[in-house]
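Accompanying notes for the structure given below.
There are 2 protein chains.
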Amino acid sequence: MSPASPSPVPSPALSPALSPTLTSPEPFVLDDMVCFALHSASRAFGSVYRSVLRDLGLTYPQYLVMLVLWERDDVPVKRIGEQLRLDTGTVSPLLKRLEAAGLIRRERSAEDERSVTVRLTDEGCALRAGAAEVPGRIAEATGLTLAEVTDLRERLHRLTAKLDAADLPE
Amino acid sequence: MSPASPSPVPSPALSPALSPTLTSPEPFVLDDMVCFALHSASRAFGSVYRSVLRDLGLTYPQYLVMLVLWERDDVPVKRIGEQLRLDTGTVSPLLKRLEAAGLIRRERSAEDERSVTVRLTDEGCALRAGAAEVPGRIAEATGLTLAEVTDLRERLHRLTAKLDAADLPE
DNA sequence: GGCAACTAAGTTGTGCACAACTAAGTTGTG
DNA sequence: CACAACTTAGTTGTGCACAACTTAGTTGCC
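Protein chains in written order, with the UniProt record's numbering: chain G, 1 to 170; chain E, 1 to 170.
Structure representation (structure tokens):
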């Protein structure tokens, strides 16, 4: 059985939701639901990107790494992790797979032997042309106007920053 | 090395982003960025939930399943997958872990032997009291007003629906 | 110079997400 | 009745995400 991917049931998303027992009446539950909505939207995007990126042989996280490299080649691993907000435990195997696919190479930096520099192969460069139509197809799938996209992105950045700040020591 | 979790660098999120080569000027890239922003926000939420749920011994997806069951016990596996928008390949092992933790039981339905019904154990019921303060702590972490939460949730639902519709056959 | 503190990358182990598949039960139709 | 089509759970394999840890190299400070 496939996921509820292209959702057969619109899913009332935790319908009336957790009834109020020990907590105050209502508003609180909405915060669970906004996280759920975020989670869902993120996965729905993932599904669309999966379709669009299939021909390129990339997953979405791999595509993000390629975006970073297409914008500026010759980047240390650390910087990739920072830009994509990913742990080394995620980035290392991700880069290993991209290397195995022949799209990038990794070389120890000469001036700092701790650092590893990531570089595009010719094949990795060439893939850029094939990826040219990706953003357009995604834009089409969202059906959002430029203003809506900008606004949503801004809200999400503020939310992320707020959550990060709240998640420090407690 | 830990992730960029409580983000040490605010990360300009693919800074100027993929420069325009073969595609038209600018707007397109924003759609990549909105997905990235979504992805980031979702993971930032995950990090906060991880902190808050640690005492309960639950992950966020496990907490979602418990929410469904606390609202209405005695639910078939299929319904859990629909409500949470998850594949059986995700739900099955997830339920297996909750069962191993002693929070739920699974029983073959009598009237339809294909179906499996999920039921809370006493321990699973009891956990509800411990979870009472979760939504409040999350709400606090977001720093959003009720109106903002409602609006954001609504936008995300519309976006998800649109993406689902676009991801069918093409 | 020597050594503690730090930094960069990688590894290990756990859990989520999904595609593709299997097994078992149910339903519809001739 | 019989059998194809469908439905429900579950399994297998791959990849992402992160905590906790390891290894190797650098820097600061005495």
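We treat Cβ as the ideally placed atom computed from N, Cα and C, and that holds for glycine.
- Three or more beta-carbon pairs separated by less than 8 Å link the stretch 151-168 of chain E to the stretch 39-57 of chain G, which places the two stretches in contact.
- Pairwise C-beta distances place the stretch 135-155 of chain G out of contact with the stretch 124-132 of chain E, as fewer than three of them are shorter than 8 Å.
- The C-alpha of Q83 of chain G lies about 24 Å from the C-alpha of S51 of chain G.
- Secondary-structure assignment with DSSP links T117 of chain G through a beta bridge to G:P76 and G:E107.
- Cβ atoms of L95 of chain G and V77 of chain G come within 8 Å of each other, at about 7 Å.
- Rounded to the nearest whole angstrom, the CA to CA distance from V75 of chain G to C125 of chain E is 51 Å.
- Residue environment for A37 of chain G: buried (at least 16 other C-beta atoms within 10 angstroms of its C-beta).
- L103 of chain E is positioned such that its CB atom lies closer than 8 Å to that of E123 of chain E.
- By the 16-neighbour rule on beta-carbons within 10 angstroms, D112 of chain G is exposed.
- Closest in alpha carbon position to A141 of chain E, among E:L159, E:R158, E:A41 and E:V34, is E:A41.
- Cα atoms of Y60 of chain G and A100 of chain E: separation of roughly 33 Å, rounded to the nearest angstrom.
- Neighbours of R153 of chain E across chain G, judged by C-beta separation under 8 Å: L30, M33, V34 and A37.
- Here E133 of chain E carries a coil assignment [DSSP, helix/strand/coil].
- Taking C-beta atoms as the reference points, R106 of chain G and V118 of chain G count as a pair closer than 8 Å.
- Using a Cβ-Cβ cut-off of 8 Å, D73 of chain E is close to nothing in chain G; its nearest Cβ partner there is about 12 Å away.
- V77 of chain G is outside the set of residues whose beta carbon lies under 8 Å from a beta carbon in chain E.
- Annotation for R108 of chain G: V116 place their beta carbon closer than 7 Å to its own, counting only its chain and skipping 5 residues before and after.
- Here R153 of chain G carries a helix assignment [DSSP, helix/strand/coil].
- The beta carbon of S42 of chain E sits closer than 8 Å to some beta carbon of chain G.
- Under the DSSP assignment, T88 of chain E falls in the alpha helix (DSSP H) whose first and last residues are T88 to A100.
- Rounded to the nearest whole angstrom, the CA to CA distance from R54 of chain G to L159 of chain E is 22 Å.
- In the structure shown, T145 of chain G adopts coil according to DSSP, grouped into three states.
- Take the alpha-carbon of H39 of chain E and the one of H39 of chain G: they are about 8 Å apart.
- The beta-carbon separation of P135 of chain E and D32 of chain G, rounded to 5 Å, stays under the 8 Å limit for a contact.
- The same chain holds no residue with a CB closer than 6 Å to that of A110 of chain E once the five nearest residues on each side in sequence are set aside.
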